Structures are given as structure tokens and as C-alpha cells.
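K.L.:
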Amino acid sequence: MRVCLICEGSYPYVSGGVSSWIQMLIENYSDIEFIIWSIATNKEEMSDYKYNLPSNVKKVKTFYISEHRIEGHYRKIKLDSNDKEVLRNLLIGDLNSIEWKECLCLMKKYQKKLVNILMSKDFFNISLELYRMGYSKTSFNEFLWSLRGMYFPFMKILSEDMIEADIYHAVSTGYAGMLGSIASNVKNKPLLLSEHGIYTREREEDIIRSNWLRGSFKELWINFFKKMSLITYNQANIVTTLFVVNKTLQIELGCPEEKILIIPNGVDINDFSDLNPRSEESKKYFNIGAILRIVPIKDVKTMLLAFANVKKLVPNAKLNILGNYDENPEYYNECVQLVNMLLIEDVVFYGQANIKEYLNEFDLLLLTSISEGQPLSVLEGMASGIPYICTNVGDCKSLLEGNCGDNLGLSGFIVPIMDTQALTKQIVYCAKNKEKISKMGMVGKARVSKYYKKSYFLEKFKEIYEELGESKAWQA
Numbered sequence: 002m003r004v005c006l007i008c009e010g011s012y013p014y015v016s017g018g019v020s021s022w023i024q025m026l027i028e029n030y031s032d033i034e035f036i037i038w039s040i041a042t043n044k045e046e047m048s049d050y051k052y053n054l055p056s057n058v059k060k061v062k063t064f065y066i067s068e069h070r071i072e073g074h075y076r077k078i079k080l081d082s083n084d085k086e087v088l089r090n091l092l093i094g095d096l097n098s099i100e101w102k103e104c105l106c107l108m109k110k111y112q113k114k115l116v117n118i119l120m121s122k123d124f125f126n127i128s129l130e131l132y133r134m135g136y137s138k139t140s141f142n143e144f145l146w147s148l149r150g151m152y153f154p155f156m157k158i159l160s161e162d163m164i165e166a167d168i169y170h171a172v173s174t175g176y177a178g179m180l181g182s183i184a185s186n187v188k189n190k191p192l193l194l195s196e197h198g199i200y201t202r203e204r205e206e207d208i209i210r211s212n213w214l215r216g217s218f219k220e221l222w223i224n225f226f227k228k229m230s231l232i233t234y235n236q237a238n239i240v241t242t243l244f245v246v247n248k249t250l251q252i253e254l255g256c257p258e259e260k261i262l263i264i265p266n267g268v269d270i271n272d273f274s275d276l277n278p279r280s281e282e283s284k285k286y287f288n289i290g291a292i293l294r295i296v297p298i299k300d301v302k303t304m305l306l307a308f309a310n311v312k313k314l315v316p317n318a319k320l321n322i323l324g325n326y327d328e329n330p331e332y333y334n335e336c337v338q339l340v341n342m343l344l345i346e347d348v349v350f351y352g353q354a355n356i357k358e359y360l361n362e363f364d365l366l367l368l369t370s371i372s373e374g375q376p377l378s379v380l381e382g383m384a385s386g387i388p389y390i391c392t393n394v395g396d397c398k399s400l401l402e403g404n405c406g407d408n409l410g411l412s413g414f415i416v417p418i419m420d421t422q423a424l425t426k427q428i429v430y431c432a433k434n435k436e437k438i439s440k441m442g443m444v445g446k447a448r449v450s451k452y453y454k455k456s457y458f459l460e461k462f463k464e465i466y467e468e469l470g471e472s473k474a475w476q477a
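Last residue of the sequence shown: 477 (my numbering), numbering continuous.
1. My assumption, with CB atoms under 8 angstroms, is that residue 148 sits in contact with residue 128. Please give the rounded CB distance.
2. Just how far apart, CA to CA, sit residue 161 and residue 187?
3. Quick check on residue 301: buried or exposed, where buried means 16 or more other Cβ atoms within 10 Å of its Cβ?
4. In the DSSP assignment, find the beta strand (DSSP E) that holds residue 321 and state where it starts and stops.
5. How should residue 229 be labelled, buried or exposed, when 16 other C-beta atoms within 10 angstroms of its C-beta is the threshold for buried?
6. Buried or exposed: residue 405, going by 16 or more other Cβ atoms within 10 Å of its Cβ?
7. Any chance you could list the alpha helix (DSSP H) runs of at least 4 consecutive residues sitting entirely within the segment 92-173, in chain order?
8. Whether or not the segment 208-228 and the segment 30-49 are in contact is what I'm after, with contact meaning three or more pairs of Cβ atoms, one per stretch, closer than 8 angstroms; do they touch?
9. Can you look up residue 217 in the DSSP assignment and give me helix, strand or coil?
10. Would you mind giving the Cβ-Cβ distance between residue 196 and residue 372, rounded to the nearest angstrom? I have them listed as a contact below 8 angstroms.
11. Determine the direct distance from the alpha carbon of residue 115 to that of residue 84, and round the result to whole angstroms.
12. Does residue 368 come out as helix, strand or coil in the three-state DSSP assignment?
13. Pick helix, strand or coil for residue 462, following the three-state DSSP scheme.
14. What's the gap between the Cα of residue 249 and the Cα of residue 78?
15. Is the Cβ-Cβ distance between residue 441 and residue 411 less than 8 angstroms?
16. Take residue 172 as the anchor and find which of 223, 437, 198 and 203 has the nearest alpha-carbon.
17. Closest to residue 469 by CA distance: which of 118, 238, 91 and 385 is it?
18. Out of 119, 352, 49 and 215, state which residue places its alpha-carbon closest to the alpha-carbon of residue 152.
19. Under DSSP, the alpha helix (DSSP H) around residue 377 begins and ends at which residues?
20. Whole angstroms is fine: what's the gap from residue 348's alpha carbon to residue 126's?
21. Check the C-beta distance from residue 265 over to residue 453 and give it rounded, since I have them as a contact under 8 angstroms.
22. Would you decide whether residue 321 is buried or exposed? Buried here means 16 or more other CB atoms lie within 10 Å of its CB.
23. Let me know the secondary structure DSSP gives residue 60 once reduced to three states.
24. First and last residue of the beta strand (DSSP E) that includes residue 39?
25. Considering only their Cβ atoms, is the gap separating residue 387 from residue 427 smaller than 8 angstroms?
26. My guess is that residue 378 and residue 18 are in contact by the Cβ rule of under 8 angstroms, so how many angstroms apart are they, rounded?
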């Protein structure tokens with residue numbers, strides 16, 4: 002069996018929860034051949050693998066979005082009536098009216114010069130039609146160029162040669178989901194979609210916070226990402242998600258409920274049972290750990306501001322931050338500058354590290370993200386018997402407090418996002434109640450052992466692969 006894993010902004014170029022999940026999947030299915038189709042931002046930042054590829058990864062194909070910009074010379078073209086209808090359906094037609102094979106034929110025809118389509122009179126007229134349907138309070142010229150910039154990488158993806166596989170497995174909606182949907186449709190093979198976070202909501206939050214878009218243009222981009230998600234939900238045979246809240250969001254965004262399966266993340270608790278004894282040096286501190294990428298969405302600055310307050314009340318507190326800081330050097334430098342400006346002592350950035358070598362040293366773990374799914378790092382910390390303080394994002398509340406029917410108790414504390422004072426208060430409480438939080442750590446270990454088993458996660462995905470791989474014909 003050959004599975005094409007399609008991922009955006011993650012494996013194998015970016016370390017993190019989603020990438021670790023993909024690595025775990027590949028390593029444990031040695032009898033399956035995997036092709037990685039990776040969508041990355043640019044070659045400068047995303048060219049080095051962050052993972053050792055298992056031997057059953059037969060190929061990695063990368064599509065760099067930033068390489069595809071509208072530039073250079075173009076010539077005037079006039080599309081024939083069929084091509085014009087294909088383009089119109091793609092831009093403003095009902096999703097059911099899009100004929101992907103015809104779209105691919107159109108993009109292949111102009112593969113070397115897609116800019117000719119974007120600069121054509123036909124694209125202009127279709128854009129004007131869309132403009133009059135709900136965006137006429139904005140500048141048409143800005144609207145037109147926004148639409149061109151939006152659809153150019155989209156069209157480049159459509160012009161790609163489709164990889165042959167028995168199953169296409171997209172690890173998000175967005176560009177990855179689109180690529181999987183098109184390949185599935187054209188090759189008449191099944192599509193599996195696995196969402197960790199809800200891509201559309203994440204992009205919507207990014208767009209709303211952005212300064213480079215305003216008013217109706219934000220709405221235009223939000224609708225574009227919603228359209229891509231709907232296409233993927235409609236094309237997918239099976240959609241997996243990590244927890245109930247995400248399932249509800251998927252249904253709200255148009256995913257048929259009958260397609261959705263909830264398969265939580267899982268870890269092997271035995272992997273965290275043989276940690277080294279705690280060093281005498283670390284026993285001098287109330288040792289706090291944070292396992293995360295140093296990027297804005299993890300909100301490391303709130304963590305640092307809270308720790309500055311904690312140091313005044315708990316002088317022996319130490320903050321150990323483990324995680325890649327190469328992904329966003331500018332943000333990492335801002336964090337270092339904040340530490341220096343506030344004169345915060347006992348903050349250490351370790352960079353990418355083997356967390357098993359450090360977990361035994363920690364009294365407490367922190368996660369201050371403003372967006373998450375069901376973080377593997379939290380499950381790994383819980384499996385090690387360490388209490389957590391997390392922001393109220395994704396499934397963190399259920400991980401620390403339990404779901405319905407889970408009466409194990411608390412394995413940590415939940416605080417609001419970007420709330421320095423609440424975070425400070427809980428860290429100080431933990432520092433002054435080490436015996437209580439030690440018991441919380443044991444609750445976390447029990448919860449992982451009972452509800453978040455790696456074996457269950459692997460068993461369910463193997464069943465899905467076998468079911469889809471054995472299907473004689475794909476059915477929408």
C-alpha cells in the first residue's frame with residue numbers, strides 16, 4: 002500500500018506536535034510506503050529536514066508557495082468558452098459545479114505562464130462579477146489584485162503533476178486539503194483528512210488580527226479559506242479529529258457529521274517510565290519547564306512576563322524553555338530582549354532538545370499558547386507524572402480536568418490566554434504546594450494511561466488505511 006501524506010507548514014521541515022504525530026505514524030507502519038507532499042512557505046527557511054526520515058518514506062516532494070508570485074511579462078490571451086466557464090466555476094461557481102479534471106487541463110495548458118490567465122480580460126470580467134456580488138464598497142483595483150494574489154499559488158498547485166498513491170492523506174484543510182482533494186478526484190482514489198487544529202478558524206483569527214488587510218479584503222480571504230475547507234470536507238471519505246469541540250466546529254463549517262471520527266492523540270506511557278533520577282543541582286530550584294516552538298502562537302512573552310513576577314515571590318524559581326527557535330528568529334530575539342530588559346534571572350533557552358533528558362528535572366510544566374489542538378507535549382508531560390498549567394485553548398481543559406465520565410481529578414490548572422496575573426498566581430500556588438501538585442502529576446499519568454494510549458491511536462488509523470485501501474472504487 003502506498004499512502005501520500007500531504008502536509009502544510011509542518012513535516013519534515015518544522016518540528017512540533019503535528020510533525021511528531023506524522024513521524025510516529027510513519028515509524029509504526031513499516032509495511033506501508035509513504036510519499037510526503039509538503040507545502041512550505043519558502044526554500045530559505047524550510048529546506049532542512051528536522052526529522053530522520055524512516056526507510057518507508059520513498060519520496061519527499063515540496064511545493065514552495067513563496068516561489069509563485071505574479072511577475073514577469075505576460076501576453077494577452079482569450080479563453081475559449083469552455084475554459085472561461087471552468088475558470089468562472091472555480092472563482093464564483095457552486096462547489097458542485099467545479100470540474101477538477103477540466104481545471105487541471107486548463108492549468109496544464111498554461112502551466113508555464115499562468116500569469117496570462119490572471120491578466121486576461123476573462124479573469125478581469127469574472128472578478129468584476131464577483132466584486133459586484135458583495136465587495137463593491139472597496140476599490141476594484143485592490144480587489145482585483147487581491148484576487149490575483151490569492152489564486153496564483155492555488156492555480157500553481159492545480160498545475161502540479163499528481164502523485165500516484167492508493168490513499169491520499171491530508172493533515173489539514175487549506176492548501177494541503179485542496180491538493181489532496183484534487184488528487185483524490187482526478188486519480189479516483191480515497192481521501193483521508195486528519196485535522197489537529199481547525200485550519201479555517203486559525204486562518205480566520207490570523208486574518209482578523211492582521212494589519213496588512215482591511216475590511217472587505219479580510220472577508221474575501223476568510224471566504225477563500227472556507228471554500229477550500231468545504232471542498233476538502235466534501236471530497237474526503239473519512240475525516241478524523243482529536244476531540245468533541247473540534248468535531249462540532251467541523252460540522253459548523255460544513256463537514257458532514259457522518260464522515261467524522263474522533264481519534265485522540267496517544268503516547269506510550271512506558272516511554273516515560275525510565276527517566277533519569279533528578280540531579281542534585283536541579284533540586285535547588287523550583288524547576289519549571291516549557292516544551293514549545295518559540296513562535297508567536299505559543300505566546301512565550303506572556304510566560305516570561307509572568308515568570309518575572311514569580312521570581313519576586315519565589316526566588317528559587319527557574320524557567321527552562323525547550324524547543325526550536327530557528328522557525329521565527331525575530332520572535333526569539335524579541336523574547337531574549339524581553340528577558341534582558343526585565344532583568345529576569347534563571348531563564349534558559351535550550352533550543353531543540355530530547356525532552357526525555359530533561360523531564361525528570363521539572364516540578365511543573367507550562368503551555369501559554371493562544372491556539373492549540375490536543376498538544377502531544379502536554380500528553381508527554383502528563384505521562385511523566387508532571388503537573389501542567391495550560392491556557393484554555395484546544396482540548397487542554399479536558400486533558401487537565403477530564404471529560405464526562407472521567408473522575409480521576411485535576412492534573413493541573415487552566416488559565417485564560419494572555420493573562421499574566423492568572424498565570425503568575427497559579428505558578429506561585431504550585432511552588433508553595435509541591436506535595437499537592439505532585440499528586441496532580443500522578444492523576445495526569447493515570448489519565449494518559451487510561452484515555453490517551455498510543456496503541457489505540459495506531460490501531461484506529463491502521464483500520465482506516467486498510468478500509469480505504471481495500472475499497473474497490475472511490476465514492477464521494
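Backbone N, C-alpha and C fix where the C-beta goes; we use that ideal spot for every residue, glycine too. No experiment lies behind these values; they were computed from the predicted model shown.
P.N.:
The structure says:
1. Taking the sequence shown and counting its residues from 1, one reaches residue 148 at position 147. Taking the sequence shown and counting its residues from 1, one reaches residue 128 at position 127. Yes, residue 148 and residue 128 are in contact; Cβ-Cβ is about 5 angstroms, under 8 angstroms.
2. Translated into positions along the sequence shown, residue 161 becomes position 160. Translated into positions along the sequence shown, residue 187 becomes position 186. Each residue's Cα considered, the two are about 12 angstroms apart.
3. Within the sequence shown, the letter at position 300 stands for residue 301. Classification for residue 301: buried.
4. Counting from 1 along the sequence shown, the entry for residue 321 is found at position 320. Membership of residue 321 in the beta strand (DSSP E) is indicated by the continuous run 318-323.
5. If you number the sequence shown from 1, residue 229 lands on position 228. Within a 10 Å sphere around the beta-carbon of residue 229 sit 16 or more other beta-carbons, which makes this residue buried.
6. By 1-based counting over the sequence shown, the position of residue 405 is 404. Taking every protein chain shown into account, the CB of residue 405 has fewer than 16 other CB atoms within 10 angstroms, so this residue is exposed.
7. Taking only runs of at least 4 residues, the alpha helix (DSSP H) segments lying wholly in the segment 92-173 are 101-110, 116-119, 122-133 and 141-159.
8. The answer is no - the segment 208-228 does not touch the segment 30-49, with fewer than three Cβ pairs under 8 angstroms.
9. Mapped onto the sequence shown, residue 217 falls at position 216. Note: residue 217 maps to helix in three-state DSSP.
10. Mapped onto the sequence shown, residue 196 falls at position 195. Mapped onto the sequence shown, residue 372 falls at position 371. The C-beta separation of residue 196 from residue 372 comes to about 13 angstroms, leaving the pair out of contact by the 8 angstroms criterion.
11. By 1-based counting over the sequence shown, the position of residue 84 is 83. By 1-based counting over the sequence shown, the position of residue 115 is 114. Going by C-alpha positions, residue 84 is about 13 angstroms away from residue 115.
12. Numbered from its first residue, the sequence shown carries residue 368 at position 367. Secondary structure of residue 368 (DSSP, three-state): strand.
13. The residue you call residue 462 lines up with position 461 of the sequence shown. It is helical.
14. The residue labelled residue 249 in the question sits at position 248 within the sequence shown. The residue labelled residue 78 in the question sits at position 77 within the sequence shown. Just so you know, the alpha carbons of residue 249 and residue 78 end up roughly 46 angstroms apart.
15. For this step, residue 441 is matched to residue 440 along the sequence shown. For this step, residue 411 is matched to residue 410 along the sequence shown. Cβ atoms of residue 441 and residue 411: closer than 8 angstroms.
16. Along the sequence shown, one-based indexing puts residue 172 at 171. The shortest C-alpha separation from residue 172 is found at 198.
17. As a working note, residue 469 is residue 468 in the sequence shown. Residue 238 holds the alpha-carbon nearest to the alpha-carbon of residue 469 among 118, 238, 91 and 385.
18. The residue labelled residue 152 in the question sits at position 151 within the sequence shown. Comparing alpha carbon positions, the residue from 119, 352, 49 and 215 closest to residue 152 is 119.
19. Within the sequence shown, residue 377 is the residue found at index 376, counting from 1. 377-384 is the span of the alpha helix (DSSP H), which, as asked, contains residue 377.
20. Here the question's residue 348 lines up with position 347 in the sequence shown. Here the question's residue 126 lines up with position 125 in the sequence shown. Straight across, the Cα-Cα distance linking residue 348 with residue 126 is about 58 angstroms.
21. Walking along the sequence shown from the start, residue 265 turns up at place 264. Walking along the sequence shown from the start, residue 453 turns up at place 452. With a beta-carbon spacing of about 6 angstroms, residue 265 and residue 453 fall inside the 8 angstroms limit used to define contacts.
22. In the sequence shown, the residue the question calls residue 321 occupies position 320. Residue 321 comes out buried.
23. Numbered from 1 along the sequence shown, position 59 holds the residue referred to as residue 60. The answer is strand: DSSP assigns residue 60 an E or B state.
24. The residue given as residue 39 occupies position 38 in the sequence shown. DSSP places residue 39 inside the beta strand (DSSP E), whose first and last residues are 34-41.
25. Translated into the one-based positions of the sequence shown, residue 427 becomes position 426. Translated into the one-based positions of the sequence shown, residue 387 becomes position 386. No. Outside cutoff.
26. The residue you call residue 378 lines up with position 377 of the sequence shown. The residue you call residue 18 lines up with position 17 of the sequence shown. About 6 angstroms separates the two Cβ atoms, so the contact holds.
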